[in-house]
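Going down the list, the sequences are from chains A and B.
To get the working numbering, take the position in the first sequence, counting from 1, and add 588.
To get the working numbering, take the position in the second sequence, counting from 1, and add 588.
Yeah, the Cβ is synthetic: ideal placement off N, Cα and C, and Gly gets one too.
There are 2 protein chains.
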Amino acid sequence: MGGNDGPAGGTRIDDGTGGGLVIGLNAVIVAVTDERPRVLVVRRAGHGLGTPSEPSPYDDLAALPFGPLDPASDRTLELALRRWVREQAGIGVGYVEQLYTFGDQNRDPRERTGGPRVISIGYLTLVREDAAPAQAGSRWRDWYDYLPWEDWRGGRPAVLDDELQPSLLVWCDAASDDAGRRRRRERVDIAFGFGGTPWDGYRVLDRYELLYEAGLVTESKRDRGDDGGEISGRLGWAMGFDHRRILATAIGRLRGKIKYRPVVFELLPETFTLLQLQRVVEALAGQPLHKQNFRRLVEKGGLVEGTGRLASGTGGRPAERFRFRRDVLRERPTPGVGLPSLPSSS
Amino acid sequence: MGGNDGPAGGTRIDDGTGGGLVIGLNAVIVAVTDERPRVLVVRRAGHGLGTPSEPSPYDDLAALPFGPLDPASDRTLELALRRWVREQAGIGVGYVEQLYTFGDQNRDPRERTGGPRVISIGYLTLVREDAAPAQAGSRWRDWYDYLPWEDWRGGRPAVLDDELQPSLLVWCDAASDDAGRRRRRERVDIAFGFGGTPWDGYRVLDRYELLYEAGLVTESKRDRGDDGGEISGRLGWAMGFDHRRILATAIGRLRGKIKYRPVVFELLPETFTLLQLQRVVEALAGQPLHKQNFRRLVEKGGLVEGTGRLASGTGGRPAERFRFRRDVLRERPTPGVGLPSLPSSS
DNA sequence: CCAATTATTCTCAACGTGAGCATAAGAGCC
DNA sequence: GGCTCTTATGCTCACGTTGAGAATAATTGG
Numbered sequence: 589m590g591g592n593d594g595p596a597g598g599t600r601i602d603d604g605t606g607g608g609l610v611i612g613l614n615a616v617i618v619a620v621t622d623e624r625p626r627v628l629v630v631r632r633a634g635h636g637l638g639t640p641s642e643p644s645p646y647d648d649l650a651a652l653p654f655g656p657l658d659p660a661s662d663r664t665l666e667l668a669l670r671r672w673v674r675e676q677a678g679i680g681v682g683y684v685e686q687l688y689t690f691g692d693q694n695r696d697p698r699e700r701t702g703g704p705r706v707i708s709i710g711y712l713t714l715v716r717e718d719a720a721p722a723q724a725g726s727r728w729r730d731w732y733d734y735l736p737w738e739d740w741r742g743g744r745p746a747v748l749d750d751e752l753q754p755s756l757l758v759w760c761d762a763a764s765d766d767a768g769r770r771r772r773r774e775r776v777d778i779a780f781g782f783g784g785t786p787w788d789g790y791r792v793l794d795r796y797e798l799l800y801e802a803g804l805v806t807e808s809k810r811d812r813g814d815d816g817g818e819i820s821g822r823l824g825w826a827m828g829f830d831h832r833r834i835l836a837t838a839i840g841r842l843r844g845k846i847k848y849r850p851v852v853f854e855l856l857p858e859t860f861t862l863l864q865l866q867r868v869v870e871a872l873a874g875q876p877l878h879k880q881n882f883r884r885l886v887e888k889g890g891l892v893e894g895t896g897r898l899a900s901g902t903g904g905r906p907a908e909r910f911r912f913r914r915d916v917l918r919e920r921p922t923p924g925v926g927l928p929s930l931p932s933s934s
Numbered sequence: 589m590g591g592n593d594g595p596a597g598g599t600r601i602d603d604g605t606g607g608g609l610v611i612g613l614n615a616v617i618v619a620v621t622d623e624r625p626r627v628l629v630v631r632r633a634g635h636g637l638g639t640p641s642e643p644s645p646y647d648d649l650a651a652l653p654f655g656p657l658d659p660a661s662d663r664t665l666e667l668a669l670r671r672w673v674r675e676q677a678g679i680g681v682g683y684v685e686q687l688y689t690f691g692d693q694n695r696d697p698r699e700r701t702g703g704p705r706v707i708s709i710g711y712l713t714l715v716r717e718d719a720a721p722a723q724a725g726s727r728w729r730d731w732y733d734y735l736p737w738e739d740w741r742g743g744r745p746a747v748l749d750d751e752l753q754p755s756l757l758v759w760c761d762a763a764s765d766d767a768g769r770r771r772r773r774e775r776v777d778i779a780f781g782f783g784g785t786p787w788d789g790y791r792v793l794d795r796y797e798l799l800y801e802a803g804l805v806t807e808s809k810r811d812r813g814d815d816g817g818e819i820s821g822r823l824g825w826a827m828g829f830d831h832r833r834i835l836a837t838a839i840g841r842l843r844g845k846i847k848y849r850p851v852v853f854e855l856l857p858e859t860f861t862l863l864q865l866q867r868v869v870e871a872l873a874g875q876p877l878h879k880q881n882f883r884r885l886v887e888k889g890g891l892v893e894g895t896g897r898l899a900s901g902t903g904g905r906p907a908e909r910f911r912f913r914r915d916v917l918r919e920r921p922t923p924g925v926g927l928p929s930l931p932s933s934s
């Protein structure tokens, strides 16, 4: 969302009580290219995909595409999303899933200066990047640029121990009483896997929210009125509005979903090698997988079937091309790629 | 929701385009008492918890509690929900989780006659029934009254084979072309577990939506303008608006959640016997569980700890009272009660 | 032909899960 | 008290799944 009040923005609502209400939809449009999970962002916060407006202090920030709901013509929320994503970005999205509705006060900073309250319904959509090149005003970004601590593919991210743990512990200790300190500490331990607690790849939102509460991300400072936060640093790039929260929600949801629904295939071409498939799953999950076991999982699990054709040389022995095996939907209730706790090798 | 436009209804929005927009919140308030999963319903559709209005043809239908969002004073959506649930039902809810935002056109039949488009943000909340007696205008209902085919505790529900399968197959065959027939058939098989596909307890919404599409539930007839559907039958009781869909969403979500988050304990007293715990899980999951294995799961899994005290005689050997072991949150990423595919004995 | 690289097949141990037997400890009844 | 009924609790066993890695196959580039 954004809180656009122009034609590309949300649907204005006047409830007679004050600043009013705007309702609209945000899209987290995800693709995986070159083993990187990518999300489509628009250049300047507060814009629709291509509509410029007046300058603001946060113009540099990326934002998620935002579009309106037209109550007169959009029969469903999902159709509204598909409509404006097609109109604005030229993308015909395939998989679409509603994520969450965001409605906190002041999620749009302009509410402070009399702007309307902006409610945004977040959607996750999956596309293949080649089918959806970024247009002017928008671009694809590696989602780990915004949440670097989520990528464990190269091992445990250093920022966790160098920055996050110390800063978070300071915040825990800063609680007003002992019970508060304990509560904060428990939340931090569970979310970030400190103190022996295992890392849980799905708690993406929990982690971002703790960092926000602890004042460690630029957005917290901005929302408090401190205008000075830098836009990027070791704690990732900031986004406009609460869009990093929406992104975190999307990642967590997607990581959970691949375990029990075959959604990965929405991100892959018709046929693919098992290594390609593995790399896409790893990109989403942010963790490395054991190659042989992964193969066993998807093959014996009936998730894919060989095509008999081989992929052209990628450096070693040619790999067979596989395709998604649709019948698996009938056979198993939860056909997905279960992720291990956190393995090591390849 | 409901599409209340009175003070107890949603927040009116005038977008200048036509009938306007109303936004509000629906609560699926769940408790488990006497081994039955219950949901709080209000007596007449289209009402807030206690506010009467003009008569309508669907006054007999139950509906879910609905309340407004006050953009001026409710800081978050969840706080809005807590506020009006407390005000209207006198219930201080504990666990609250946003479910889904419902915004299909004509989900409120009054849209057809010029009423505003009603967007509703659905919430799931868990309470203990003893802490929340139903007040005038509302009552607790077994949720399987509305979705009888979801309760497998007494074995496979007869209605599945007697009514649902035949009627659904007729609907499948009624598709316009062969591809359509195949598509319908696949959806039906997967959702209802026909043709060898296993039953999946989480697909509650898929099932309801198929029945709705196939015109087998009263709500489909009502929404098509056929006014004659009966309010209850072997396919369960109807609800106002799309509230049965919201209920189905809640059940599916909750069934999924108990597997990896210890939410069941929100429905139980401070201490409980393992059988009590098992009955609550069975009530939610709609399936029987193997007693010894269930015990092993929750005990060895570190989910509960014994208190040393015994429960007074319930007919046999006294059982030890257990309590939820909070530390499990730090130890395991997904502490919940994993459900088996579909066991048999007790 | 050799080295490097990726693909593919197998093995093995550890663990979790489904199912059921066996025993324990109460209540009610004779 | 002894018997039966009922629920609680402990234990075993077979089997499938999972984590880890060894071993072998088929390419490409020297």
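Apart from the five residues just before and just after residue i, which ones in its own chain have a Cβ nearer than 6 Å to its Cβ?
{"i": "B/GLY783", "result": "ASP777"}
{"i": "B/GLU623", "result": "ARG867, ALA871"}
{"i": "B/PRO625", "result": "TRP731, ALA871, LEU872"}
How is residue i classed by DSSP in three states: helix, strand or coil?
{"i": "B/ILE819", "result": "coil"}
{"i": "A/PHE853", "result": "helix"}
{"i": "B/GLY783", "result": "coil"}
{"i": "A/GLY896", "result": "strand"}
{"i": "A/LEU609", "result": "strand"}
{"i": "B/PHE882", "result": "helix"}
{"i": "B/GLU908", "result": "strand"}
{"i": "B/LEU804", "result": "coil"}
{"i": "A/VAL925", "result": "coil"}
{"i": "B/THR837", "result": "helix"}
{"i": "B/LEU756", "result": "helix"}
{"i": "B/LEU628", "result": "strand"}
{"i": "A/ALA871", "result": "helix"}
{"i": "A/GLY591", "result": "At A/GLY591 the pLDDT is 38, less than 50, meaning the model places this residue with poor confidence; the figure from the coordinates comes in the next sentence. The answer is coil: DSSP assigns A/GLY591 none of H, G, I, E or B."}
{"i": "B/ALA615", "result": "strand"}
Take residue i as the anchor and find which of the options has the nearest alpha-carbon.
{"i": "B/GLY844", "options": "B/SER764, B/GLY926, B/ALA907", "result": "B/GLY926"}
{"i": "B/GLN723", "options": "B/VAL673, B/LEU891, B/ASN694", "result": "B/VAL673"}
{"i": "B/LEU862", "options": "B/ARG698, B/PHE910, B/TRP731", "result": "B/PHE910"}
{"i": "B/ILE709", "options": "A/LEU687, A/GLY768, A/SER661", "result": "A/LEU687"}
{"i": "A/PRO921", "options": "A/ARG698, A/TYR800, A/TRP740, A/TYR848", "result": "A/TYR848"}
{"i": "A/PRO704", "options": "A/GLY828, A/LEU609, A/ARG663, A/ARG729", "result": "A/LEU609"}
{"i": "A/ARG770", "options": "B/ILE611, B/ASP915, B/GLY612", "result": "B/ASP915"}
{"i": "A/GLU751", "options": "A/PHE780, A/LEU877, A/GLY598", "result": "A/PHE780"}
{"i": "B/ASP814", "options": "B/PRO745, B/LEU877, B/PRO697", "result": "B/PRO697"}
Do residue j and residue i have their beta-carbon atoms positioned less than 8 Å apart in this structure?
{"i": "B/ASN614", "j": "B/PRO653", "result": "yes"}
{"i": "A/VAL630", "j": "A/VAL616", "result": "no"}
{"i": "B/LEU855", "j": "B/ALA619", "result": "yes"}
{"i": "A/ALA650", "j": "A/ASP658", "result": "no"}
{"i": "A/THR621", "j": "A/GLU717", "result": "yes"}
{"i": "A/GLY789", "j": "A/GLY874", "result": "yes"}
{"i": "B/ILE839", "j": "B/TRP731", "result": "yes"}
{"i": "A/GLU852", "j": "A/VAL869", "result": "Sequence inspection shows Val at residue 852 of chain A; the Glu mentioned does not correspond to that position. Yes. Within cutoff."}
{"i": "B/LEU757", "j": "B/ARG841", "result": "no"}
{"i": "A/LEU885", "j": "A/ALA836", "result": "no"}
Keeping to the same chain, check which residues put their C-beta closer than 8 Å to that of residue i; ignore five residues upstream and five downstream.
{"i": "A/VAL747", "result": "PRO736, TRP737, ARG822, LEU823"}
{"i": "B/GLY678", "result": "ALA720, GLN723"}
{"i": "A/ASP830", "result": "PHE690, ASP692, ARG695, GLU807"}
{"i": "A/THR895", "result": "THR859, GLU908, ARG909, PHE910, ARG911"}
{"i": "A/ALA802", "result": "SER755, LEU756, TRP759, SER808"}
{"i": "B/GLY900", "result": "First, the residue type needs correcting, since residue 900 of chain B is Ser and not Gly in the sequence shown. Answer for B/SER900: PRO906, listed in chain order."}
CB-CB under 7 Å to residue i, same chain, minus the five flanking residues each way: which ones, in chain order?
{"i": "B/LEU804", "result": "SER755, LEU823"}
{"i": "A/ARG913", "result": "GLY890, LEU891, VAL892, GLU893"}
{"i": "B/ARG905", "result": "none"}
Inset, instruction - Pick out the complete beta strand (DSSP E) segments inside the stretch 651 to 739 of chain A, 3 residues or longer, and give them in chain order. - result: 654 to 656, 683 to 690, 705 to 714, 726 to 730
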